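Asks:
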Amino acid sequence: MAATAQQARRKKKPSGAVDRWYHPRIWHGFLFTAWLRLLWRNQFRVGWHRVAAAAIITFLSAGHSLGRVLQWIVYGRRIARTKIEQPPLFILGHWRSGTTMLHEMLALDPQNTCPTTYQCFVPNHFLISEWICTRLFAWVMPKQRPMDNMAVGWNRPQEDEFALMAMGEPSPYFTIAFPNHPPQCQEYLDMQGVPPVAQERWQRTLRRFVQMLVCHRPGRAILKSPTHTGRVRTLLEAFPDARFIHIVRDPRVLYQSTLNMWKKMYGTHGLQRARFAGLEEHVLATLPRMYAAFESARASIPPRHYYEVRYEDLVADPLGQMRAMYQQLELGDFEAVLPALERYLSDQADYQTNRYEMPEELREKINQRWADYARRFGY
122 MAATAQQARR
132 KKKPSGAVDR
142 WYHPRIWHGF
152 LFTAWLRLLW
162 RNQFRVGWHR
172 VAAAAIITFL
182 SAGHSLGRVL
192 QWIVYGRRIA
202 RTKIEQPPLF
212 ILGHWRSGTT
222 MLHEMLALDP
232 QNTCPTTYQC
242 FVPNHFLISE
252 WICTRLFAWV
262 MPKQRPMDNM
272 AVGWNRPQED
282 EFALMAMGEP
292 SPYFTIAFPN
302 HPPQCQEYLD
312 MQGVPPVAQE
322 RWQRTLRRFV
332 QMLVCHRPGR
342 AILKSPTHTG
352 RVRTLLEAFP
362 DARFIHIVRD
372 PRVLYQSTLN
382 MWKKMYGTHG
392 LQRARFAGLE
402 EHVLATLPRM
412 YAAFESARAS
422 IPPRHYYEVR
432 YEDLVADPLG
442 QMRAMYQQLE
452 LGDFEAVLPA
462 LERYLSDQAD
472 YQTNRYEMPE
482 ELREKINQRW
492 ADYARRFGY
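Residue 490 in our numbering sits at position 369 of the sequence shown, with consecutive numbering throughout.
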C-alpha cells in the first residue's frame with residue numbers, strides 16, 4: 122500500500138474543535154477521596170468560573186465511589202483470579218513524540234488489549250458501566266483533542282495515567298488542575314523521593330488496573346503514557362518481563378508542541394484561569410529529569426524486550442517499522458494485523474501536524490538545555 126504515516130499525520134483542520142462545558146474532564150472519574158485530596162493539597166483554590174464544574178465533579182465522585190463498591194461485589198473475585206498471562210507493553214516517549222500514533226496502531230491488533238478513554242477516565246467501575254454509559258453519553262465527547270485535533274471517543278485508546286489518578290494515585294498531571302500553583306508531584310516523573318510504601322501502592326494500583334483490563338478482554342495490555350518514561354525501574358519491578366517501545370522526536374518540535382499542549386490542557390481541564398507563569402521553564406526542566414531516570418534504567422531492559430524508533434522514521438515507513446517492532450518484541454503474527462494497519466493509514470491520510478515558528482534565541486536555548494537528548498538520539 123502506498124499510504125505512509127507521513128500522510129497519516131496530515132488532516133484538514135476541523136472547524137468543530139470547540140470546548141463545551143459538558144465535555145468530559147480528566148477529573149470527572151475520580152473517587153470521592155481522591156478528589157478531596159486533590160482539592161485539599163491545593164487549599165480548595167478553585168477559580169470562580171470553575172466552581173460549578175467542581176461541584177459537579179464532587180457529585181460524580183460520590184457516584185464513582187459507590188460504583189467501585191458495586192464492581193467489587195460483582196467482579197471482585199473474578200478480578201483477583203485474573204492472571205496477567207502476557208506481560209504488558211509500555212509505550213515510552215516525551216509528550217508530542219508520537220506515542221498516541223503508536224498506541225492507536227497497536228490497538229488494531231485483536232491480540233492486544235488497550236485501555237479506552239472510558240476505562241481510563243472511569244476506571245473504578247468500567248466493568249459494570251462501560252456498556253451502557255458509552256452509549257448514553259456518546260454525545261458529550263468532543264470530536265477532536267484540543268492540542269492537535271486528533272480524533273477522540275470513548276472507545277479510542279487512552280493514557281492509563283488518567284486511570285491511576287482516578288483510582289487515587291498522585292501524578293504530575295495534578296498540575297493541570299491548578300496551573301497557577303507550582304508544578305505538583307514531580308517526584309512521580311521519575312519516582313525519585315517517593316517513599317517505598319507509596320511506590321508499592323502505586324505498583325499495586327497499576328497491576329489492579331491491568332488485571333481489570335485483562336479480565337474485560339484477555340490479551341497483552343498496551344499501556345501508553347509519557348509519564349512512564351522516567352519510571353522504567355518501577356515498571357520492571359511491577360512487571361519484570363514487560364516490553365517497551367520508546368519513540369523520540371526532534372527536540373525543537375517537541376518543545377513547541379508540548380508548550381502548546383499544556384496551554385490547551387490548562388484551559389480545557391484546569392480549575393483556575395491559567396496565567397502560564399513559569400510554563401516555559403517547566404517544559405525545559407522536565408525532559409532532562411525524565412530522561413536522566415530513563416537512561417539510568419534502560420540497561421535493565423533485556424534487548425529483546427526493547428524497541429526504539431524515531432518519529433521521523435515511523436512516519437516515513439510505518440509498516441516497515443511496525444513489522445520490525447513485531448519481530449524484535451515477538452508480538453505475534455504481523456501479517457494478521459497488516460490489513461487493519463493499512464486501513465488506518467488510509468483513513469488518516471489527510472491529517473496535518475501543527476506547525477510552529479521558532480525564534481533563533483529559543484532554538485539556541487533548546488539546543489543548550491536539551492543537548493543530551495539531541496546528541497543521544499541523533500538530533
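Built from N, CA and C at the ideal position, the CB exists for glycine as well. Since the structure is predicted, the reported quantities are computational estimates derived from the model, not experimental observations.
1) Applying the criterion that 16 or more other CB atoms from any shown protein chain within 10 Å of the CB defines a buried residue, is ASN488 buried or exposed?
2) Under the three-state reduction of DSSP, which class applies to ASN488: helix, strand or coil?
3) Alpha carbon to alpha carbon, how far is GLU451 from LEU375?
4) Could you tell me whether the segment 315 to 335 touches the segment 179 to 190, where touching means 3 or more Cβ pairs closer than 8 Å?
5) Does the beta-carbon of TRP260 have 16 or more other beta-carbons within 10 angstroms, so that it is buried, or is it exposed?
6) According to DSSP, is ALA123 part of a helix, a strand, or is it coil?
7) Under the three-state reduction of DSSP, which class applies to ARG497: helix, strand or coil?
8) Between the alpha carbons of LEU400 and PHE299, how many angstroms are there, rounded?
9) Kindly list the residues whose CB is nearer than 6 Å to the CB of ARG354, restricted to its own chain and excluding five residues on each side of it in sequence; keep chain order.
10) Taking 8 Å as the cut-off, decide whether the C-beta atoms of GLN232 and GLY340 are in contact.
11) What span of residues does the beta strand (DSSP E) with GLU429 cover, start to end?
12) May I ask which residues mark the beginning and end of the beta strand (DSSP E) holding ARG341?
13) Answer yes or no: do PHE330 and ALA284 have a C-beta to C-beta separation smaller than 8 Å?
14) To the nearest angstrom, report how far apart ARG166 and GLY453 are at their CA atoms.
15) In whole angstroms, what is the alpha-carbon distance linking PRO278 and GLU402?
16) Tell me which residues share the same chain as GLN442 and place their Cβ nearer than 7 Å to its Cβ, disregarding the 5 neighbours each side in the sequence.
17) Need the endpoints of the beta strand (DSSP E) that LEU159 sits in, please.
18) Going by the DSSP bridge assignment, what does ALA272 pair with across the sheet?
19) Would a C-beta distance cut-off of 8 Å place ALA183 and ASN245 closer than the cut-off?
20) Tell me which residues share the same chain as TRP275 and place their Cβ nearer than 7 Å to its Cβ, disregarding the 5 neighbours each side in the sequence.
21) Is the separation between the beta-carbon of TYR477 and that of LEU408 shorter than 8 Å?
22) Leaving out the 5 sequence neighbours to the left and right, which residues in its chain are closer than 8 Å to ALA123 when beta-carbon positions are compared?
23) Roughly how many angstroms lie between the CA atoms of LEU199 and ALA359, to the nearest whole one?
24) Provide the residue span of the alpha helix (DSSP H) that contains LEU356, from first to last.
25) Check whether the segment 386 to 395 touches the segment 290 to 310, taking contact to mean three or more Cβ pairs, one atom from each stretch, closer than 8 Å.
26) My parser needs the beta strand (DSSP E) runs of 3 or more residues fully inside the segment 170 to 205; what are they?
27) Is the distance from the Cβ of PRO501 to the Cβ of GLY214 below 8 Å?
28) Just list the residues that DSSP pairs ASN233 with in beta bridges.
29) Just to confirm the assignment, what range does the alpha helix (DSSP H) spanning ILE249 have?
Replies: In this structure, then:
1) Counting of Cβ neighbours within 10 angstroms places ASN488 among the exposed residues, the total staying below 16.
2) helix
3) 30 Å
4) no
5) Exposed, since its Cβ has fewer than 16 Cβ neighbours within 10 Å.
6) Only weak support is given to the placement of ALA123: the predicted model assigns it a pLDDT of 41, under 50, and the question is left unresolved by the model.
7) Helix, per DSSP.
8) 13 Å
9) ALA418
10) yes
11) 427 to 431
12) 341 to 345
13) yes
14) 50 Å
15) 30 Å
16) VAL430, ASP434 and LEU435
17) No beta strand (DSSP E) holds LEU159; the alpha helix (DSSP H) holding it covers 153 to 162.
18) GLN265
19) no
20) Cβ neighbours of TRP275 beyond the five flanking positions: THR237, THR238, TYR239, THR255, ALA259 and MET262.
21) no
22) Low local confidence applies: a pLDDT of 41 at ALA123 is under 50, so the model's placement there is unreliable, with the coordinate-based value given in what follows. Around ALA123: no qualifying Cβ.
23) Leu is not the amino acid found at residue 199; the sequence shown has Arg there. If I take the Cα positions, the gap works out to 21 Å.
24) 353 to 359
25) yes
26) none
27) No answer is possible for residue 501: it lies beyond the span of the chain, which begins at 122 and ends at 500.
28) ARG341
29) 247 to 257
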